[in-house]
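Be aware that the sequence shown starts at 60, since it is given in this note's numbering, and climbs by one per residue.
Some notes on the structure that comes next.
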Amino acid sequence: VFSHRYNIKFDLIGVLNTDSLISTPDFKTEERLFYQIEKLLDFHPKNMLIQTYNPENKAILTASEGGYKAFYDKDLETRRSFSYPPYSQLVKLTFRHKSRDKASYEARVLGGRLKMAMAQMKLDQKVKLIDSHPSFVEKERGLFVYNIVLKALPELEDIREILKFVPSNWSIDVDPRSII
Numbered sequence: 060v061f062s063h064r065y066n067i068k069f070d071l072i073g074v075l076n077t078d079s080l081i082s083t084p085d086f087k088t089e090e091r092l093f094y095q096i097e098k099l100l101d102f103h104p105k106n107m108l109i110q111t112y113n114p115e116n117k118a119i120l121t122a123s124e125g126g127y128k129a130f131y132d133k134d135l136e137t138r139r140s141f142s143y144p145p146y147s148q149l150v151k152l153t154f155r156h157k158s159r160d161k162a163s164y165e166a167r168v169l170g171g172r173l174k175m176a177m178a179q180m181k182l183d184q185k186v187k188l189i190d191s192h193p194s195f196v197e198k199e200r201g202l203f204v205y206n207i208v209l210k211a212l213p214e215l216e217d218i219r220e221i222l223k224f225v226p227s228n229w230s231i232d233v234d235p236r237s238i239i
């Protein structure tokens, strides 16, 4: 529906179970919800119903009030307090393996290696490591997926110093679209 402009008039648009949209543990979930509500409002419905247990959610409130600027300001404030982009650079390291134990082990080993390297290089104040964890969708195409997320603060000039310690069988995603 969002990819085309239809010249259709709607009396009512309903968004069901918005809580499931914002329950994913990613820093962009509210931005995605705001975008979807805004796109639905582009159809100029007479009424819009949003089903939620959290009517005070900033994305829902600012979208319903038509406040791009208000949402942007609140979202930036939240990102600043948690050091999310644009106030940091994220790097997602991903390991996939057919064995859950092997994937978990490799993630723990790399996490420990990165922590030691950051301490030796005195970068532990400039880079935060979010410990290894299974991906939000733990298994993809028969492989178990484990992630490590690095959050580099602006003081760090080059994240590549740390990424040298990542083995070649890991995938490295700098500035990922999602951290889950």
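The beta-carbon is built from N, C-alpha and C at its ideal position, and this holds for glycine as well.
Counting only the same chain and skipping the five closest in sequence on each side, list residues whose C-beta sits under 6 Å from that of residue i.
| i | result |
| --- | --- |
| THR121 | ALA129 and PHE130 |
| ARG159 | PHE203 |
Where does residue i land, buried or exposed, given buried means 16+ other C-beta within 10 angstroms?
| i | result |
| --- | --- |
| ILE119 | buried |
| GLU89 | buried |
| ILE96 | buried |
| PHE195 | exposed |
| VAL150 | buried |
| ILE238 | buried |
| TYR240 | The question about residue 240 has no answer here: the residues shown for the chain are numbered 60 through 239. |
| TYR178 | The question names Tyr, yet the displayed sequence has Ala at residue 178. Looking at its Cβ environment, which holds fewer than 16 other Cβ atoms inside 10 Å, ALA178 is exposed. |
| SER191 | buried |
Helix, strand or coil, according to DSSP, for residue i in the structure here?
| i | result |
| --- | --- |
| MET180 | coil |
| GLU89 | helix |
| THR153 | strand |
| LEU212 | coil |
| ILE218 | coil |
| SER191 | strand |
| LYS105 | coil |
| LEU198 | Checking the sequence shown, residue 198 turns out to be Lys, not Leu. Of the three classes helix, strand and coil, the one that applies to LYS198 here is strand, per DSSP. |
| PHE203 | strand |
| ASP232 | strand |
| THR137 | helix |
| THR111 | coil |
| GLU165 | helix |
Quick test of your reading: residue i and residue j, contact by CB under 8 Å. State the CB separation rounded to the nearest angstrom.
| i | j | result |
| --- | --- | --- |
| THR77 | THR111 | 5 Å |
| GLN148 | ILE218 | 6 Å |
| LEU99 | ILE72 | 5 Å |
| LYS185 | LEU215 | 4 Å |
| ASP85 | THR153 | Actually they are not in contact, since the Cβ atoms of ASP85 and THR153 sit about 15 Å apart, beyond 8 Å. |
What residues are listed by DSSP as bridge partners for residue i?
| i | result |
| --- | --- |
| ASN76 | ASN76 is not bridged to any residue. |
| LEU71 | ASN106 |
| VAL186 | ALA211 |
| GLN148 | ALA211 |
I'd like the list of long-range same chain contacts for residue i, defined as Cβ closer than 8 Å, with 5 residues on each side in sequence excluded.
| i | result |
| --- | --- |
| VAL168 | none |
| SER142 | LYS187, LYS210 and LEU212 |
| LYS133 | LYS117 and THR121 |
Keeping to the same chain, check which residues put their C-beta closer than 7 Å to that of residue i; ignore five residues upstream and five downstream.
| i | result |
| --- | --- |
| GLU197 | PHE203 and VAL204 |
| LEU75 | GLN110 |
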